[in-house]
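Chemist:
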Amino acid sequence: MLNDPEFRQLLGHLGLLWKGYRRVRKGVKKRVRRHMRALGCPDVTSYLQKLDEQEEVRLECDRLMTVPISRFFRDRMLWEMVEQEILPQLLKKYSAGIRVWSAGCASGEEVYSLKIVWERLGGSPRRQRDLEVTATDMNPINLQRAKAGVYPASSLKEVPEQVKAQYFVSQGGSGLHRIRSFLKRGIIWKKHNLLSDPPPRSCFHMIFLRNNLLTYYQDKLKREALGRVLGCLCKDGVLIVGSHEVLPLGTHQLLPLGSLPYVYQKRF
Ligand SMILES: C[S@@+](CC[C@H](N)C(=O)[O-])C[C@H]1O[C@@H](n2cnc3c(N)ncnc32)[C@H](O)[C@@H]1O
């Protein structure tokens with residue numbers, strides 16, 4: 396049940412890309428097979444029919460297709476740039492405070508990485524008001540994990556020991572690490588689907604759109620959703636995509652910012 400050609404058929408039906416899923420397909424296929432079995436679908440054709448007929452089945456399938464892989468300070472050079480250039484420049488320009496959207500935030504690794512950088516730049520409980528972070532994901536289970544803020548050691552492999560000691564609490568012999576609770580302040584967690592929901596608010600100064608929309612979705616869906624994302628980025632705001640991701644053609648509003656090819660500024 397669900398060999399690769401059948402899986403490709405399912406991806407095509409959902410508007411998803413084989414290229415994005417190829418390397419992570421084992422786990423995704425396992426989840427989908429379980430779903431098919433629970434629904435009594437012996438083959439992909441009957442499963443596709445159920446997806447078309449029953450909205451809740453489709454929603455569950457969409458959730459099962461999400462890939463929650465993330466880690467703290469993924470792409471170290473990016474975080475150096477965020478700390479040394481992007482945040483200081485945004486703060487200089489928007490002294491009243493800045494608004495950041497982490498779109499497709501998985502279990503919060505990206506969001507808390509940002510909060511740690513903010514702290515290192517001199518954030519204090521009073522200044523938490525100056526940074527408003529909206530963190531969204533279509534998968535509510537990821538959001539629950541993000542709110543709990545407890546992570547296995549593998550999520551922290553790029554975190555320097557001193558940062559680990561300062562911002563995480565080790566959970567005894569379990570190998571788990573809990574994010575310190577003061578880092579949770581000022582974060583608005585929200586269930587949000589990039590393909591179908593309007594942006595959570597207008598005029599963000601910085602948007603993280605990494606390793607989701609541009610990796611997993613077919614061109615048409617990607618373009619429409621990216622258009623909505625750019626619509627809520629302020630002029631001169633910063634868009635950060637994944638280090639291996641490429642923008643679709645026709646995004647003239649964006650120009651590269653600095654030395655990393657996946658960091659952009661919205662020019663108009
Ligand atoms: C691979 S993780 C990336 C997490 C983080 N942005 C990073 O780069 O480390 C992809 C996340 O995007 C979410 N996602 C995928 N499609 C989405 C959509 N259409 N709307 C909102 N979130 C989505 C998934 O649920 C998953 O948590």
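In terms of this note's numbering, the numbers along the sequence shown are unbroken and rise by one, the last being 663. Don't be surprised by glycine CBs; every beta carbon is placed ideally from N, CA and C.
1. Name the one or two DSSP bridge partners that H572 has.
2. Is any heavy atom of ligand 1 found at a distance shorter than 7 Å from the C-beta of D532?
3. Between M472 and L655, which are expected to be in contact by the criterion C-beta below 8 Å, what is the C-beta distance as a whole number of angstroms?
4. Measure the beta-carbon distance from S497 to A548 and round it to whole angstroms, keeping in mind my assumption that it falls under 8 Å.
5. Keeping to the same chain, check which residues put their C-beta closer than 8 Å to that of F599; ignore five residues upstream and five downstream.
6. With H, G and I counted as helix, E and B as strand and the rest as coil, what does DSSP make of R596?
7. How do the region 441 to 456 and the region 396 to 414 stand: do at least 3 beta-carbon pairs fall below 8 Å, yes or no?
8. Could you have a look at G499 and say whether DSSP puts it in helix, strand or coil?
9. Is there a Cβ from chain C that is less than 8 Å from the Cβ of Y611?
10. Using DSSP with H/G/I as helix, E/B as strand and the rest coil, what is D470?
11. Looking only at its own chain, which residues have a Cβ that is under 6 Å from the Cβ of E478, when we skip the five neighbours before and after it?
12. Reducing DSSP to helix, strand and coil, say where I582 ends up.
13. Hey, would you say the C-beta of P463 is under 7 Å away from at least one heavy atom of ligand 1?
14. I'd like the list of long-range same chain contacts for V658, defined as Cβ closer than 6 Å, with 5 residues on each side in sequence excluded.
15. Taking three-plus beta-carbon pairs below 8 Å as touching, is the region 533 to 540 in contact with the region 454 to 466?
16. What residue does the beta strand (DSSP E) around V624 start on, and which one ends it?
Modeler: In this structure, then:
1. In the sequence shown, residue 572 corresponds to position 177, counting from 1. DSSP output for H572 lists Y546 and S565 as bridge partner(s).
2. Taking the first residue of the sequence shown as 1, we reach residue 532 at position 137. It does: the Cβ of D532 is within 7 Å (strictly closer) of some heavy atom of ligand 1.
3. Indexing the sequence shown from 1 puts residue 472 at position 77. Indexing the sequence shown from 1 puts residue 655 at position 260. About 6 Å separates the two Cβ atoms, so the contact holds.
4. Taking the first residue of the sequence shown as 1, we reach residue 497 at position 102. Taking the first residue of the sequence shown as 1, we reach residue 548 at position 153. Actually they are not in contact, since the Cβ atoms of S497 and A548 sit about 22 Å apart, beyond 8 Å.
5. Along the sequence shown, one-based indexing puts residue 599 at 204. Closer than 8 Å at the Cβ level, and outside the excluded window around F599, lie R494, V495, W496, T529, C627, L628, C629 and G632.
6. By 1-based counting over the sequence shown, the position of residue 596 is 201. R596: coil per DSSP, three-state reduction.
7. yes
8. One-based indexing of the sequence shown puts residue 499 at position 104. It is coil, neither helix nor strand.
9. Reference to chain C is not applicable here, since this structure consists of a single protein chain.
10. Sequence index remark: in the sequence shown, residue 470 carries index 75 (1-based). Note: D470 maps to coil in three-state DSSP.
11. Translated into the one-based positions of the sequence shown, residue 478 becomes position 83. Answer for E478: V512, listed in chain order.
12. Translated into positions along the sequence shown, residue 582 becomes position 187. Strand.
13. Taking the first residue of the sequence shown as position 1, residue 463 is located at position 68. Yes, the Cβ of P463 comes within 7 Å of a heavy atom of ligand 1.
14. Residue 658 sits at position 263 when you count from the first residue of the sequence shown. I635 and L652.
15. yes
16. Along the sequence shown, one-based indexing puts residue 624 at 229. Counting along the chain, V624 falls outside any beta strand (DSSP E), though it belongs to the alpha helix (DSSP H) covering D614 to G626.
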